[in-house]
Structure formats: structure tokens, C-alpha cells
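To start, the structure itself, in C-alpha cells.
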Amino acid sequence: MNKNPLNHETTGSLLTRYRLEFDTNRTSSPWWVPFVSVVLGLVFCGIFIALNGMSPYTVYMKMFKGAFGTSFGLTETLVKLIPLLLCALGVSVAYKISVWNIGAEGQFAAGALAATSVSIYFPDLPVWMIIPVMVILGIAAGGAWGALTALPRTYFGVNELITSLMLNYVALLALNYFVFGPWKDPAGLNFPGTPMFTDAQSLPVLGTTRLHLGLVFALVAVALYAFMFRYTRWGYELRLIGANPEVARNAGINIKKHILIVMIVSGGLAGLAGMSEVSGVTHRLMYGISPGYGYTAIIVAWLAKLNPVGLVISSFLFAGLIVGGYSVQTIGLPSSISLMMQGAILFFLIAGDMMSKINIRRIQVPMKGAH
Amino acid sequence: MEFITQLLSAALSSGTPLLFAVGGGILIERSGIIQLGAEGLMLMGAVTASLVYIQTGSLLLTLLGSLTVGALLGLLHAFLCVSLRANQIVSGLALTLFGSGFSAYLGKSVSGMPLPGSVPRFEIPFLNAIPWIGPVFNNLDLLTWLSFVLVALATVFVYLTSWGLDLRAVGDNPATADAMGIPVQAFRYGSVIVGSMFIGLAGADLLLAFSPTWSEGMTAGKGWIAIALVIFARWNPLRAMFCAYFFGALDSLGFRMQLLGSTIPSYFLKMIPYLVTILVLMYLGWRNRNKPSGAPEALGIPYFREQRF
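Here the protein sequences line up with chains A and B, keeping their order.
If you read the first sequence in my numbering, its first letter stands for residue 1, the second for the next number, and so on.
If you read the second sequence in my numbering, its first letter stands for residue 372, the second for the next number, and so on.
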């Protein structure tokens, strides 16, 4: 008797089962995964907030109103978007070739320090030169800090995750040394900050808002990022290294050189973020100038899948999260609650990315005992 | 000699939290899973310890609390990395970010509050008779003794038991281990959870034995230094001991130099551990340029068994 085990109509002894299969060939997850993970991350944190005896609704409304509800909140969110977008672009460039730069925080501080040094040591520069010199020094310092991560990696095989992170602590300690020590404003009533910048040392702002020229820097950088990867030889080489380092090496691409360049570009962008923050927002270098932009940038980049448009959207969202984090301080919560939400969103994102690779396949198996 | 005795005991007390974290990291990474969440795990362990200790006043419950939190977060990391085969680096970063934020949120109410007691210390009479070294070991606290025991157990486990052999096989070549009938997933889950419990305990020790009150971000990068120390120790628990105490000594050296009237600003002294971490890693990289690093060979590579769940 011909029993075809795949044809259940010929036999009554087959069971329908479902098998989970991992599709390792699928490289991208559906576009809605990041959105769903944001929602789930917020719900997850909401549960903890509720367990702690507060209403998640109140907390989230407070955050939402603080970040997007008023025109002041909205411009504040845009102001925070600038450093986030620049740092996220920086880490994205590195992630394109799987270089794990988590040192944007330190590179940001290096850029801010270098830009501020102009106001301390060269207060008499011609007015037209001041901002360009600050921009160049900020980028150079951030880039140098990035190179410090790349060189041990390329010549000594040191994991860049650890180097870049250690350099974050070094840069922040150096920043604290200057603002508490030699650069402290003598007229600042012991405030840990440098003297205020002059108008010529500050980036121009839009009307009466706090929105400054840095937004243009950030948007130009996004455009350049998109253009470079799509249309230049350098971008092509990076894409090749990212896709398959072995093939790239065989094609004669110098990977070490690319790692160094990428880390300099990556650090330079974070350095520019540091420069634009001191010159555009705080108008002085001060203690605690970054609420962790460098770390948030990692999630921004990951959420955006390194896509330029995605980077703008996710920086805007996370800038809102940071501003919202400040506004819940009025109801007695720490602003680092936004850090917790960011971590939770990242959990759901990577889980979602992998879950969307699981295929559920219907299979038919013979019932036990039936041949 | 007084100085050396003091430095040694300072190295022990600030090296012990590192030792717990490095030991945990080694157990996890031996199974082939990268654990970059140590900073977040330590913070969560520390905040749990301070909450439980202030609420209950019971040291036992405090330690159990930190172990439980470590286990739960380890379970999360294991689920993402082992079952879902997610990117282990990103999962660790997420754990660190979530841990720093969540610990700040939880610890808001106990920030700066003094703990109701401290860890008991043991006097061992015959140790005191040994000159110089004696006073160092004579007055150690419970957790330091516990760290000695755990290092000994971990060393025996990894190198002298068949489970340890299985664990190393899972970390080096999961496919072969699987073919030999070793439950790869179970070993990975187990080692990530147990190792994370150690790291949670590291946070509790940091709080109880090293710095007296909870403050936001109190680990100040110690979790990351511990991850670097896993590499220094070449994934060997016994070597981890020397590495942890060396860094403990470095950490307290800056502080001591300040006490001795050094004119170097404290900010630069605090940079020493971070800079030495990079320099030692560079030295190791140069020395081992033609040798394997000692890392488990499948470290960071998710294992797919015939692409099926």
C-alpha cells in the first residue's frame, strides 16, 4: 500500500505540528520592529513604575508634555537632538564595519574641552576666526580621542570596547580637573564651570529660542553620511568590510587603515557634538555637561539600523526621552529613569530583531505507532 | 613596612568586589557567551543590597537579594543570547544601561543613607603571629573569605571536574560538544546565571565592605575594569585573584598618595586604573601577538543547532 507521509488525505494517522526555524539568512527585520520595541520598552518600565506605587500614566504624561507638549519643550528636544544625532552618526560609522565604539561620551568631552580651550587661551582671535577654530579643534580632539581607541586595536589587538570605555572615564576626569581646577571661573561663586563665553564664541541661535547653528551641522553631517555610503569609493569599501571582512581583505582593502579612519571620523563627529554643546547651549564648559549622550547614541544608532533617516527619527525620540526625564524630576523621580527606559527599549529591540527571524513552519508527522 | 601592610589590606578590600565580578565573568565567558553587562549587574546588586539591608537589617537576606537580582538579570541575558541568539555585545550594553538607570530609580530613596551594620570580620589568632602579612589576613571580612572559597571552587570546577571539561568544550566548540551529547543550551544558561549571581554579589560587596552608602553610579567603571581583567586573567579563575588585587592596589594607591601629601591633582590619580588597564591590555596583545589569547574559541558566536529550536 502506498502511503505518502506528506499527503495527509491518504492517511488518517498524521499529526499537524509546528516547527520553529531560525532563518539565519534574513539580514534585516521588518520596519515595525523598532516601533514595537519602543512601545514594549515603555510598557515594561511602566510595570516597574506601577510596582513602585506610582501611576505610569502620570509619569508618561509628564514626560510627554515635558518633551513635546509645549513649544519650549519641543525646542529643548531639538536642542538635545543635536548632540545625540552627531554622536549617533559617529558610532554608526564605526558600527558599519563592526568597530564597537562606545567611547562617544569621552570623545564628546574631548571636543568640548578643546573648543573651550579657545575661550581660555585665545580670547583675542579675530571674530570671524573664533567659531571655525573651535569647530576644527573640537573635531580634531574628538578624532584624536577616537584614534587612541583605534591604535591599540589595530597594532595590539586590544578590544576597542574596553579601550573606548576606559578613555571615557579618562576624558571625564580630565574635564572635571579643568572645570574644578585651572579653568574655574573666578567670579563663578565656586560653580564648577569656566567663565561664560563671549557672543563671538557662541553659536548663533534661531530667534529667541535656544536652538542653535549646531542643528545645521548635524543635518549636514547626516546628508554627508548618507551620500558617502551610497556614492563614494570610501563608502563602498566600508560596506564591503561590513558585509564580509575576509572578502574585503582579499580584495586588497587595508582594513587597519579603515578602522583608524573610521574611528577618527567617529570621534570627530562626537567631538563636534561636544563643541556645539558648549558653544551653542551651555556657553561654558561645566561639570556634568553630558547626560550620557554618548551612551544613548549607541541605542539611537542601533534602533535606526544605521539608516540616515532612521537616525534623525530615533535621535528625536530619544532627545524627547531625555527632556521628558528632566521633567519627571518635579515629581521626585531621578532623570536617569530615561536611561532605564533606553535599556529596556534596547532589550526589546534585539529580542524583536531575532524573533522576527523565526519562521513557523507547519509540518506533518506520522502519529506514533502508525507506519 | 607599615606602608606595605596597609597597601596589601587596601588591595584586598578594594580588590574583592573586582574578584567576584571577574570570577563571574570568567564562568560566563567560559561557556562562550560575552558578558558586557557587569557594570549594570554590579549596580543592581549594590542597590538591592542597600535596599534590603536598610529595610530588613539582615545580612543574609541582603546577600540573597543581590544573588537573586543577579540571577534574574542573568536569566534575561541568557534568554536573549542563548535562546534568541541575539547580539551578545548589544545585550550586554542594554543590561548596563538598564541597570544604571533602574538602580538610580530604585536607589533614590536610600541615596546617602547609612547602612544599619557592616559585614562581620574574623580574627584568626595564629595568623596574627606572622609579621607584616599577618595583620593583613587577620581582620578580613566574611565576604573576602567567601571570595577565597569561591575562587577555589571555581578553579576546581573549571579544571578538575567533568562538568568543567564539558563547560570548556561548550565554550570552545559547541557543535562538537553537542554531538557528544553535552546539553549546550543548559550549560550556557547555567553558567550565565551563576556567573551573573557572582557579579551581583560583587555589587553587594562593593557596597557593604568598600563604600558605606549607596550613590548613583557608585561602581564608576569597576564593572568594565572587571571585564578587562577577565582578559588579563586569560579566563583562569586563579589568575583572576592576582589581577583583581593588583588593580585593587592601584585603585587605593592614588588615594594613599593623596594622603601622603602628593601634589598631583586627584583627578589624575583616579585616571591610573583606567590608563593601566589599556596599557596592560596593549602589553598582553603585543606579548601574545603570535599566540592564542586563551579566550574560549566560540566566544561571542551564537550556536545554531541545525538551524532549529
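In this text, a Cβ means the ideal position worked out from N, Cα and C, and glycines have one as well.
Note that the structure is predicted; figures quoted are calculated from it, not measured.
Any C-beta of chain A under 8 Å from that of B/Phe675: The residue given as residue 675 of chain B occupies position 304 in the second sequence. Closer than 8 Å: yes.
Buried or exposed: A/Val247, going by 16 or more other Cβ atoms within 10 Å of its Cβ? Locating residue 247 of chain A in the first sequence gives position 247, counting from the first residue. Classification of A/Val247: exposed, given that the 10 Å Cβ count is below 16.
Residue nearest to A/Leu74 in terms of C-alpha spacing, selected from A/Leu40, A/Ile322, A/Leu175, A/Ala114: Along the first sequence, one-based indexing puts residue 74 of chain A at 74. Taking only the C-alpha atoms, the option nearest A/Leu74 is A/Ile322.
Range of the contiguous alpha helix (DSSP H) that encloses B/Gln426: Taking the second sequence and counting its residues from 1, the one referred to as residue 426 of chain B is at position 55. Looking at the DSSP string, the run of the alpha helix (DSSP H) that includes B/Gln426 is 409–427.
Could you run through the region 607–640 of chain B and flag, in chain order, every residue whose CB is less than 9 Å away from some CB of chain A? Pro636, Ser637, Tyr638, Phe639
Backbone secondary structure at A/Gln364 - three-state DSSP: Here the question's residue 364 of chain A lines up with position 364 in the first sequence. A/Gln364: strand per DSSP, three-state reduction.
Locate the alpha helix (DSSP H) running through B/Gly400, then write down its first and last residues. Reading the second sequence from its first residue, position 29 is the one you call residue 400 of chain B. Sequence check: residue 400 of chain B is Glu here, not Gly. Here the alpha helix (DSSP H) through B/Glu400 covers 373–401.
Looking only at its chain, what residues have a beta carbon closer than 6 Å to the beta carbon of A/Gly188, apart from the 5 residues adjacent to it on each side? Mapped onto the first sequence, residue 188 of chain A falls at position 188. Hits under 6 Å: none found.
Show which residues of chain A have a CB atom less than 7 Å away from the CB atom of B/Met415. On the second sequence, position 44 is the one that residue 415 of chain B refers to. Going along chain A, no residue has its Cβ under 7 Å from B/Met415, so there is no contact; the nearest lies around 11 Å.
Does any residue of chain B bring its CB to less than 8 Å from the CB of A/Thr163? Sequence index remark: in the first sequence, residue 163 of chain A carries index 163 (1-based). By this cut-off, A/Thr163 is an interface position.
Helix, strand or coil for B/Glu494 per DSSP? Within the second sequence, the letter at position 123 stands for residue 494 of chain B. Residue state, collapsed to three classes: coil.
is_contact[A/Ile298, chain B] using C-beta, thresh 8 Å: Numbered from its first residue, the first sequence carries residue 298 of chain A at position 298. Yes, A/Ile298 lies at the interface with chain B (some Cβ there is under 8 Å from its Cβ).
Give me the DSSP bridge partner(s) of A/Gly193. Taking the first residue of the first sequence as 1, we reach residue 193 of chain A at position 193. The partner list for A/Gly193 (beta bridge, DSSP) reads A/Met286.
B/Lys479: contacting residues in chain A (beta-carbon distance under 8 Å): The residue you call residue 479 of chain B lines up with position 108 of the second sequence. Near B/Lys479 (Cβ distances below 8 Å), the residues of chain A are Gly332, Leu333, Pro334.
Using a Cβ-Cβ cut-off of 8 Å, state whether B/Arg605 counts as contacting chain A. On the second sequence, residue 605 of chain B is found 234 positions in, with the first residue counted as 1. False, the Cβ-Cβ gap to chain A never drops below 8 Å.
Along the chain, where does the alpha helix (DSSP H) that runs through A/Trp234 open and close? Here residue 234 of chain A refers to the residue found at position 234 of the first sequence. Its alpha helix (DSSP H) spans residues 233–243.
Using a Cβ-Cβ cutoff of less than 7 Å, which residues in the same chain neighbour B/Leu407 once the five nearest sequence positions on both sides are dropped? The count along the second sequence starts at 1 and reaches residue 407 of chain B at position 36. Within the same chain, B/Leu407 has close Cβ partners Ile460, Gly463, Leu464, Thr467, Ile598.
Proximal residues of chain A, C-beta to C-beta of B/Gly592 below 9 Å: The residue given as residue 592 of chain B occupies position 221 in the second sequence. What B/Gly592 touches in chain A: Leu165, Met166, Asn168, Tyr169.
What does a CB cutoff of less than 7 Å around B/Leu600 pick up in its chain, not counting 5 residues either side in sequence? Translated into the one-based positions of the second sequence, residue 600 of chain B becomes position 229. Once the five neighbours on either side are set aside, the close Cβ partners of B/Leu600 are Leu389, Val393, Ala611, Cys614, Ala615, Phe618.
Whole angstroms are fine: how far does the CA of B/Phe626 sit from the CA of B/Asp512? Here residue 512 of chain B is taken as the residue at index 141 of the second sequence, counted from 1. Here residue 626 of chain B is taken as the residue at index 255 of the second sequence, counted from 1. Using only the alpha carbons, I get a separation of about 21 Å.
Any chance the region 83–103 of chain A sits against the region 290–301 of chain A, with 3 or more Cβ pairs inside 8 Å? yes
Could you pull out every unbroken alpha helix (DSSP H) segment of at least 4 residues lying fully inside the region 537–609 of chain B, listed in chain order? 545–550, 555–576, 593–603
Does the contact criterion of 3 or more C-beta pairs under 8 Å hold for the region 129–142 of chain A versus the region 53–70 of chain A? no
Mind checking which residues open and close the alpha helix (DSSP H) that includes A/Gln107? Taking the first residue of the first sequence as position 1, residue 107 of chain A is located at position 107. Here the alpha helix (DSSP H) through A/Gln107 covers 104–121.
Could you name the residues of the region 418–433 of chain B whose beta carbon sits closer than 7 Å to any beta carbon of chain A, in the order they occur along the chain? none
Using CA atoms only, rank isn't needed, just tell me which of A/Ala319, A/Ser314, A/His258 is closest to A/Leu349. By one-based count along the first sequence, residue 349 of chain A stands at place 349. The shortest Cα separation from A/Leu349 among A/Ala319, A/Ser314, A/His258 belongs to A/Ser314.
What do you get for A/Ser28, buried or exposed, if any count of 16 or more other CB atoms within 10 angstroms of its CB means buried? Start at 1 with the first residue of the first sequence, and residue 28 of chain A comes out as number 28. Counting Cβ neighbours within 10 Å, A/Ser28 comes out exposed, since fewer than 16 surround it.
Proximal chain A residues relative to B/Met653, where beta-carbon distance stays under 7 Å: Numbered from 1 along the second sequence, position 282 holds the residue referred to as residue 653 of chain B. The answer, in chain order, is Pro152, Phe156, Val158.
Pull up the distance between the alpha-carbon of A/Leu151 and that of A/Ala226, whole angstroms please. To locate residue 151 of chain A, count along the first sequence from 1; it is residue 151. To locate residue 226 of chain A, count along the first sequence from 1; it is residue 226. Computed Cα separation, rounded: 27 Å.
On the DSSP bridge list, what partners appear for A/Val205? Residue mapping note: residue 205 of chain A aligns to position 205 of the first sequence, counting from 1. According to DSSP, A/Val205 bridges with A/His212.
Starting from B/Ser474, trace the alpha helix (DSSP H) both ways and give me its first and last residue. Position 103 of the second sequence, counting from 1, holds the residue named residue 474 of chain B. That run of the alpha helix (DSSP H) goes 459–478.
Would you give the residue range spanned by the alpha helix (DSSP H) that A/Pro34 belongs to? As a working note, residue 34 of chain A is residue 34 in the first sequence. Run containing A/Pro34: 33–51, per the alpha helix (DSSP H) assignment.
Should B/Met413 and B/Ala573 be called a contact, given that it needs their Cβ atoms to be closer than 8 Å? Along the second sequence, one-based indexing puts residue 413 of chain B at 42. Along the second sequence, one-based indexing puts residue 573 of chain B at 202. Yes, Cβ-Cβ distance for B/Met413 and B/Ala573 is below 8 Å.
Going straight from the alpha carbon of A/Ser55 to that of A/Ile82, what length do you get? The sequence position of residue 55 of chain A within the first sequence is 55, counting from 1. The sequence position of residue 82 of chain A within the first sequence is 82, counting from 1. Cα-Cα distance, rounded: 31 Å.
Strictly by DSSP, which residues pair up with A/Leu14? The residue you call residue 14 of chain A lines up with position 14 of the first sequence. For A/Leu14, which the question treats as bridged, DSSP gives the partners A/Pro366.
Specify the secondary structure class of A/Asp185 as computed by DSSP and reduced to three states. As a working note, residue 185 of chain A is residue 185 in the first sequence. Correct three-state label for A/Asp185: coil.
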